[in-house]
Amino acid sequence: MFFIPLFFFPGSSGDIILTQSPGAQSVVLGQTVSISCKTSCNLGGYLSWYLQKDGESPKLLISSASSRQSGIPGRFSGSGSGTAFTLTISGVQAEDGGVYYCQQHNSFPLTQ
1 MFFIPLFFFP
11 GSSGDIILTQ
21 SPGAQSVVLG
31 QTVSISCKTS
41 CNLGGYLSWY
51 LQKDGESPKL
61 LISSASSRQS
71 GIPGRFSGSG
81 SGTAFTLTIS
91 GVQAEDGGVY
101 YCQQHNSFPL
111 TQ
């Protein structure tokens, strides 16, 4: 059995507050994982998801709540609108370990 650490960090700066849950999770290869992002006001669909690995810049996974970026594996999917969003990883792989962020792009300042 192989465990992959996934960390989910909330942000609270600026006018719009984003709260992610769970805070951290160890998962087994092949497991499906869902990460929740709740926001303090209605964003419509203006939310992105990023993955940051040690020593690397954050990588954009999903924009506009559900639009998977080019080159991002199909196991990553985003859903939600308004104040509740979810990132789902269907069948976690070893390379998926890292820090996951949600970021609003509804208004400035952009917050994570």
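Using the UniProt record's numbering, read the sequence shown as starting at 1 and increasing by one per residue. Ideal placement from N, C-alpha and C gives every residue a C-beta, glycine not left out.
Short of 8 Å in beta carbon distance, which residues of its chain neighbour Q69, apart from the five on each side in sequence? Order them along the chain.
Within the same chain, Q69 has close Cβ partners L60, L61, I62, S63.
So if DSSP puts G78 in a beta bridge, which residue, or which two residues, is it bridged to? The partner list for G78 (beta bridge, DSSP) reads L87.
_In this structure, how does DSSP classify residue 127 when only helix, strand and coil are distinguished?_
Look at the range of the chain in this structure, 1 to 112, and you will see that residue 127 is not part of it.
| task | Using the Cα positions of I89 and R75, report the straight-line distance between them to the nearest angstrom. | result | R75 has its alpha-carbon roughly 5 Å from the corresponding atom of I89.
- Beta bridge counterpart(s) of S34 as assigned by DSSP: T88, per the DSSP bridge assignment.
Notebook entry, point to check: Among H105, G97, Y101, which residue has its Cα nearest to the Cα of G30?
Noted result: When only C-alpha atoms are compared, the closest one is G97.
task = Using the Cα positions of G71 and G45, report the straight-line distance between them to the nearest angstrom.
result = One C-alpha to the other measures close to 21 Å.
Measuring CA to CA, which of G55, S81, V99, T86 is closest to C41?
In this structure, S81 is the residue among G55, S81, V99, T86 with its C-alpha nearest to the C-alpha of C41.
Check whether C37 and L51 have beta carbons under 7 Å apart: Cβ atoms of C37 and L51: not closer than 7 Å.
Item checked: Between the CA atoms of V27 and A94 - distance to the nearest angstrom -> Between A94 and V27, the C-alpha separation is close to 10 Å.
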